[in-house]
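Participant: Have a look at this one.
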Amino acid sequence: MNILKIKVVPNASKSEISGWLDDRLKIRIAVAPESGKANRAVQDLLAKTLGISKHQIKITAGLQSPRKTVEIEGLELAEIKKLLG
């Protein structure tokens, strides 16, 4: 299991991975941060980009914060970083 730190920007014009800010991956999400919608959108976008099941992605910290910690199962950290840019 690998740990990835992310910064989420909700209410964006489209959902996309925007690159790295120091040690955090910046993710723009086109949904509002309400009722867990942004968290689900983050999982969906990461799963699609990495080519894995969203069940392999778990938000372990920051459920109600733009700064989140995510655990990713089944891929090495170097491979994750390569796929995410």
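1 is the number of the first residue of the sequence shown in the numbering used here; add one for each residue after it. Where a beta carbon is used, it is the ideal one built from N, C-alpha and C, also for glycine.
Helix, strand or coil: which one does DSSP assign to ASN2?
Facilitator: strand
Participant: Between ALA47, VAL42 and LYS26, which has its C-alpha nearest PRO33's C-alpha?
Facilitator: Distances from the alpha-carbon of PRO33 to those of ALA47, VAL42 and LYS26 put VAL42 closest.
Participant: Which residues does DSSP pair with LEU25 in a beta bridge?
Facilitator: ILE6 and TRP20
Participant: Could you pull out every residue in the same chain whose Cβ sits closer than 8 Å to the Cβ of VAL9, ignoring the five residues on either side in sequence?
Facilitator: SER18, LYS26, ILE27, ARG28, ILE29 and PRO66
Participant: Would you report the Cα separation of ASP44 and TRP20, rounded to the nearest angstrom?
Facilitator: 19 Å
Participant: Do LEU46 and VAL70 have their CB atoms nearer than 8 Å?
Facilitator: yes
Participant: Just to confirm my understanding: we take THR60, look at its own chain, exclude 5 residues before and 5 after, and list those with CB closer than 6 Å. What are they?
Facilitator: THR69 and GLU71
Participant: Could you work out which residue in ARG40, HIS55, LYS7 and LYS14 is closest to ARG24 when comparing CA atoms only?
Facilitator: LYS7
Participant: Between GLY74 and LYS5, what straight-line distance do the alpha-carbon atoms span, to the nearest angstrom?
Facilitator: Rounded to whole angstroms, the gap between the alpha carbons of GLY74 and LYS5 is 17 Å.
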